[in-house]
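Chemist:
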Amino acid sequence: MENNTLFNFSIAELCQRSDKLQASYKRDEAEFTNYGYSPDTATTLFDKTEVVKQFPSDDYYEGEQRIVTNAKKIASENLTNNLCDLRNRARLTYGSNSVDYKAFNFKGLSDISDNELVQRALHITQVATPRLDTLATRMVTQASLDLILADRKILDDQIDKQATSITTRREKKLERTRLANDLYKLLSELSEVGKIIWKGKNEAYYFDYVIYGSTKAIAQQDEEVELELPDTI
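Residue numbering for the sequence shown follows numbering that gives the first Met the number 0, starting at 0 and increasing by one per position.
Now the structure itself:
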């Protein structure tokens, strides 16, 4: 069952049911006319079904989210590696117990969150800038800091992209569920009318609508179908 759907089977099965119900409806369209349905109903059912069929599944958006998350991971690793390189050069320049070295606040670079890493990188480059003359003895240049700042921007952008992908996935999942529920409501309505039309008149036609309008998966109905027989056939 899809999350928050009105039915206990997959959206893929919902679309299959709709395809089959469309054939039954086309066969019985004249009878449905007597219950207030117009030729537009068949078009509406087809259109709603196609929209659900063509709507990307959650697997698609999960894949997109994984791609963005992986890109963020790579950006984080690149920034961390460059900061660690600068840390080594600063330690060699000043000594690990010096006030100047401690001013950089290099501790925990591999343990902090990506958001914290973005802020820490800015702090470190700001501390390093006025000390470039001294750090130059260990081959630290403005280009070194520019590379860190460029990596910082990439990570910052990837954090935003990941947040957007998470939101998009959530919104699309809700939208797909809404569209599927709308289709199911129409299938359920037409199935109820179809049962009314054929109850006591045609057992095979009647059961077309029993099966396609149920909230249960077709496989679950096999042992229960006798319970849904009308009193008079």
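For each residue, glycine too, the CB sits at the ideal point set by N, CA and C. What you are looking at is a predicted structure, and each value in this text was computed from that prediction instead of being measured.
1. Please state whether the Cβ-Cβ distance between residue 161 and residue 79 is less than 9 Å.
2. For residue 8, which residues of its own chain have a beta-carbon under 6 Å away from its beta-carbon, when the five flanking residues on both sides are left out?
3. Straight-line CA distance for residue 144 to residue 155?
4. Apart from the five residues on each side of it in sequence, which residues of its chain come closer than 8 Å, Cβ to Cβ, to residue 174?
5. Since residue 185 contacts residue 82 with CB under 8 Å, what's their CB separation in whole angstroms?
6. Got a sec, what are the start and stop residues for the alpha helix (DSSP H) residue 7 sits in?
7. Counting along the chain, where does the alpha helix (DSSP H) carrying residue 159 start and finish?
8. If residue 20 sits next to residue 213, beta carbons under 8 Å apart, how far is it from one beta carbon to the other, in whole angstroms?
9. CB-CB under 6 Å to residue 30, same chain, minus the five flanking residues each way: which ones, in chain order?
10. If you follow the alpha helix (DSSP H) that residue 207 is in, where does it begin and where does it stop?
11. Any beta-carbon of chain C closer than 9 Å to the one on residue 145?
12. Buried or exposed: where does residue 134 fall if 16 or more other Cβ atoms within 10 Å of its Cβ makes it buried?
13. For the alpha helix (DSSP H) that residue 57 lies in, which residues bound it at each end?
14. Do residue 207 and residue 23 have their CB atoms nearer than 9 Å?
15. From the DSSP secondary-structure annotation, give me the bridge partner or partners of residue 215.
16. Leaving out five residues on either side along the sequence, give the residues of the same chain with a beta carbon under 6 Å from the beta carbon of residue 204.
17. Helix, strand or coil: which one does DSSP assign to residue 226?
18. Whole angstroms is fine: what's the gap from residue 115's alpha carbon to residue 75's?
19. For the alpha helix (DSSP H) that residue 130 lies in, which residues bound it at each end?
20. Whose CA, out of 62, 13 and 89, lies closest to the CA of residue 138?
21. Pick helix, strand or coil for residue 111, following the three-state DSSP scheme.
Modeler: Well, looking at it:
1. Within the sequence shown, numbered from 1, the residue matching residue 161 stands at position 162. Within the sequence shown, numbered from 1, the residue matching residue 79 stands at position 80. Cβ atoms of residue 161 and residue 79: not closer than 9 Å.
2. Within the sequence shown, the letter at position 9 stands for residue 8. Closer than 6 Å at the Cβ level, and outside the excluded window around residue 8, lie 216.
3. Walking along the sequence shown from the start, residue 144 turns up at place 145. Walking along the sequence shown from the start, residue 155 turns up at place 156. One C-alpha to the other measures close to 16 Å.
4. As a first step, residue 174 is located in the sequence shown; it is residue number 175 there, counting from the start. Same-chain partners within the cutoff: 54.
5. By one-based count along the sequence shown, residue 185 stands at place 186. By one-based count along the sequence shown, residue 82 stands at place 83. In fact, because the Cβ distance is near 57 Å, the residues do not count as touching under 8 Å.
6. Position 8 of the sequence shown, counted from the start, is the residue given in the question as residue 7. That residue, residue 7, is in no alpha helix (DSSP H); it is neither H nor E in DSSP.
7. By 1-based counting over the sequence shown, the position of residue 159 is 160. Annotation for residue 159: the continuous alpha helix (DSSP H) segment containing it runs 141-197.
8. In the sequence shown, counting from the first residue as 1, residue 20 sits at position 21. In the sequence shown, counting from the first residue as 1, residue 213 sits at position 214. Actually they are not in contact, since the Cβ atoms of residue 20 and residue 213 sit about 12 Å apart, beyond 8 Å.
9. Locating residue 30 in the sequence shown gives position 31, counting from the first residue. The residues are 196.
10. The residue labelled residue 207 in the question sits at position 208 within the sequence shown. It spans 202-212 - the alpha helix (DSSP H) in which residue 207 sits, taken as one unbroken run.
11. In the displayed structure, chain C is absent; only one protein chain is listed.
12. Walking along the sequence shown from the start, residue 134 turns up at place 135. The residue in question, residue 134, is buried, as its Cβ has 16 or more Cβ neighbours within 10 Å.
13. The sequence position of residue 57 within the sequence shown is 58, counting from 1. Residue 57 -> alpha helix (DSSP H) spans 57-93.
14. In the sequence shown, counting from the first residue as 1, residue 207 sits at position 208. In the sequence shown, counting from the first residue as 1, residue 23 sits at position 24. Yes, they are a contact pair.
15. Your numbering for residue 215 matches position 216 in the sequence shown. The partner list for residue 215 (beta bridge, DSSP) reads 7.
16. If you number the sequence shown from 1, residue 204 lands on position 205. For residue 204, where only same-chain residues beyond five positions count, the Cβ hits under 6 Å are 197.
17. As a working mapping, residue 226 is identified with position 227 in the sequence shown. Its pLDDT being 47, under 50, residue 226 is placed unreliably by the model, and nothing is read from it.
18. Here residue 115 refers to the residue found at position 116 of the sequence shown. Here residue 75 refers to the residue found at position 76 of the sequence shown. Taking the CA atoms as reference points, residue 115 sits about 11 Å from residue 75.
19. On the sequence shown, residue 130 is found 131 positions in, with the first residue counted as 1. That residue, residue 130, is in no alpha helix (DSSP H); it is neither H nor E in DSSP.
20. What you label residue 138 is simply residue 139 of the sequence shown in a count that begins at 1. The shortest Cα separation from residue 138 among 62, 13 and 89 belongs to 89.
21. Here residue 111 corresponds to residue number 112 of the sequence shown, with the count starting at 1. It is coil, neither helix nor strand.
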